[in-house]
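In this note's numbering, the protein residues as written are 1 to 256.
The following block contains the structure:
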């Protein structure tokens, strides 16, 4: 399969926003875009164009209602992440999520708890579970970051950790938090490494600034990694990438 565009809906304080990822939960929050449209507007847009595998991310509290509105607009068409735990996972699937996305719950005290992941996979099924290994770069390594990307965990993103995690989930979501929202280009080295390391569907997010980035990601990852666009996209107030371009790209890619 070729690399394709995966859509997103980022929620903050109940609104659809695009935020510089590294600034979340800091005193210097940088917001690129606040939408005048509800979350359901974007979910319906993605549904109309059959853009599958998209994710709704709740960035902090106050987003449950907006998340439910998005899921109701396209039942079974979107994944949901942000504050997902063993207790509420089934509730979100029942609300219409295709899959649940989990990060922070797996790292109590910032340390990976494999037993939590195993129980969650048993509860909802491996095929409905996405592990978010969003990360920040430290020298030549990438470390999983939790709690809106502000807390570094004890897990490095590499072939071994991804193989371990993939026993329990059907997909990975990887936000490169250091470049998220900056529209200055993807982390090419990370994308290439993900292409080497991952054996299950993987979506990368962070820094995409041109429709040409889809072809770049495909080349770097040998088609094993898909790409999410955020702040650069015209539907999120950006000027660098047109949504219609990405829809057309997906149509062409999936016809091959």
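Beta carbons are placed, not taken as given, at the ideal position from N, Cα and C, and that holds for glycine.
Quick check on residue i: does DSSP put it in helix, strand or coil?
i           : result
residue 257 : For residue 257 there is no data in the structure shown, the boundaries of the chain being 1 and 256.
residue 44  : helix
residue 200 : coil
residue 111 : coil
residue 247 : helix
residue 333 : The displayed coordinates of the chain run from 1 to 256. Any statement about residue 333 would go beyond what the structure contains.
residue 176 : strand
residue 235 : helix
residue 171 : strand
residue 215 : helix
residue 146 : strand
residue 157 : coil
residue 226 : strand
Using CA coordinates, which residue listed in the options is at the minimum distance from residue i?
i           : options            : result
residue 31  : 42, 39, 16         : 16
residue 243 : 45, 167, 36        : 45
residue 221 : 206, 233, 188, 241 : 188
residue 128 : 135, 166, 237      : 166
residue 33  : 50, 48, 9, 47      : 9
residue 60  : 227, 19, 37, 98    : 19
residue 142 : 126, 130, 125, 160 : 160
residue 97  : 48, 64, 223, 246   : 64
residue 170 : 130, 137, 164, 138 : 130
residue 212 : 12, 74, 241        : 241
residue 206 : 136, 153, 121      : 136
residue 113 : 86, 138, 100       : 86
residue 179 : 80, 237, 208       : 208
residue 108 : 236, 100, 164, 83  : 83
residue 138 : 122, 157, 216, 123 : 157
residue 66  : 164, 14, 125       : 14
residue 204 : 215, 214, 225      : 225
residue 88  : 5, 245, 123        : 123
Can you give the Cα-Cα distance for residue i and residue j, rounded to whole angstroms?
i           : j           : result
residue 194 : residue 39  : 30 Å
residue 190 : residue 197 : 10 Å
residue 199 : residue 90  : 26 Å
residue 56  : residue 78  : 7 Å
residue 71  : residue 42  : 11 Å
residue 3   : residue 173 : 14 Å
residue 52  : residue 132 : 18 Å
residue 7   : residue 69  : 16 Å
residue 228 : residue 248 : 15 Å
residue 202 : residue 36  : 30 Å
residue 162 : residue 140 : 17 Å
residue 184 : residue 233 : 13 Å
residue 223 : residue 151 : 31 Å
residue 134 : residue 177 : 7 Å
residue 62  : residue 92  : 15 Å
residue 49  : residue 76  : 15 Å
residue 231 : residue 210 : 11 Å
residue 115 : residue 99  : 20 Å
residue 215 : residue 236 : 22 Å
residue 111 : residue 164 : 15 Å
residue 192 : residue 186 : 11 Å
residue 12  : residue 1   : 33 Å
residue 168 : residue 245 : 35 Å
residue 47  : residue 117 : 30 Å
What do you get for residue i, buried or exposed, if any count of 16 or more other CB atoms within 10 angstroms of its CB means buried?
i           : result
residue 58  : buried
residue 94  : exposed
residue 306 : Because the chain is modelled from 1 through 256, residue 306 falls outside the range shown and cannot be assessed.
residue 119 : exposed
residue 155 : buried
residue 218 : buried
residue 175 : buried
residue 239 : exposed
residue 81  : buried
residue 254 : exposed
residue 125 : exposed
Taking 9 Å as the threshold (beta carbon to beta carbon), is residue i in contact with chain B?
i           : result
residue 255 : This model lacks chain B altogether; it includes just one protein chain.
Item to check | Segment contact flag, the segment 90-104 with the segment 137-155, C-beta cutoff 8 Å, min 3 pairs | outcome: yes
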